[in-house]
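To keep things clear, I will list the structure first and then write my remarks on it.
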Amino acid sequence: LGLEEQSSWAPPNSFSPASQEDQPIYMAVKGVVFDVTSGKEFYGRGAPYNALTGKDSTRGVAKMSLDPADLTHDTTGLTAEELKSLDDVFNKVYKAKYPIVGYTARRILNEDGSPNLDFQPEDQPHFDTKDEF
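Number 350 in this note's numbering belongs to position 66 of the sequence shown; there are no gaps in the numbering.
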C-alpha cells in the first residue's frame, strides 16, 4: 500500500449486529469457560448479566457484583462466605446448566507458561465430553 492508501485503510469489520446475535456467548468462572448461549436472556446483549461474559468473572460471581472492578479472576480478599457462594454457584448453576468449552490459560498453565501437570478437567457427566478434552 502506498502512504496515501495506508492512511485510509481500516481493518475489515465482519460483525454486524445480526451476525453477533448468532455467535456463542462464553464466560469463565474459576478458569473454566462455559457456553452460556442457552441463557441468552441472561447473558446476551442488553441482558442483566452481559457484563460477566467474554472474561473470567470469578470475583463478580463470588460477590454477586457487576461492578467492573469485580469482573476479574482475582479472588484475593474474598470472605469465606463469598468463597462458599462462589463454589455453590459454580457447581449448582454453571456446571449444572452450561457446557464446558475450555479453560483459561491461568487454569492450565503455570505462571512461567509451562504446562500445569496437576491440571484436571472438570467432571461434567450430564454433558457429552468433547474429544479434544
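We put the beta carbon where it would ideally sit given N, CA and C, even for glycine. Predicted, not measured: the structure shown is a model, and the values here were computed from it.
Provide the residue(s) that pair with residue i in DSSP beta bridges, ordered along the chain.
i    : result
D386 : The residue asked about is misnamed: residue 386 is Gly in this sequence, not Asp. The partner list for G386 (beta bridge, DSSP) reads V317.
A312 : V317, D340
P399 : L393
Do residue j and residue i count as a contact pair if the criterion is CB distance below 9 Å?
i    : j    : result
M311 : D351 : no
D319 : P308 : yes
V385 : V317 : yes
T337 : G315 : no
A335 : L370 : no
I392 : F403 : yes
Using the beta-carbon count (16 or more within 10 Å), is residue i buried or exposed?
i    : result
K381 : exposed
R329 : exposed
T363 : exposed
K376 : exposed
L355 : buried
Hey, could you find the ends of the alpha helix (DSSP H) residue i is sitting in?
i    : result
F368 : Correcting the residue type first, residue 368 is Lys in the shown sequence and not Phe. 364 to 373 is the extent of the alpha helix (DSSP H) around K368.
E406 : Here E406 belongs to no alpha helix (DSSP H), and DSSP marks it neither H nor E.
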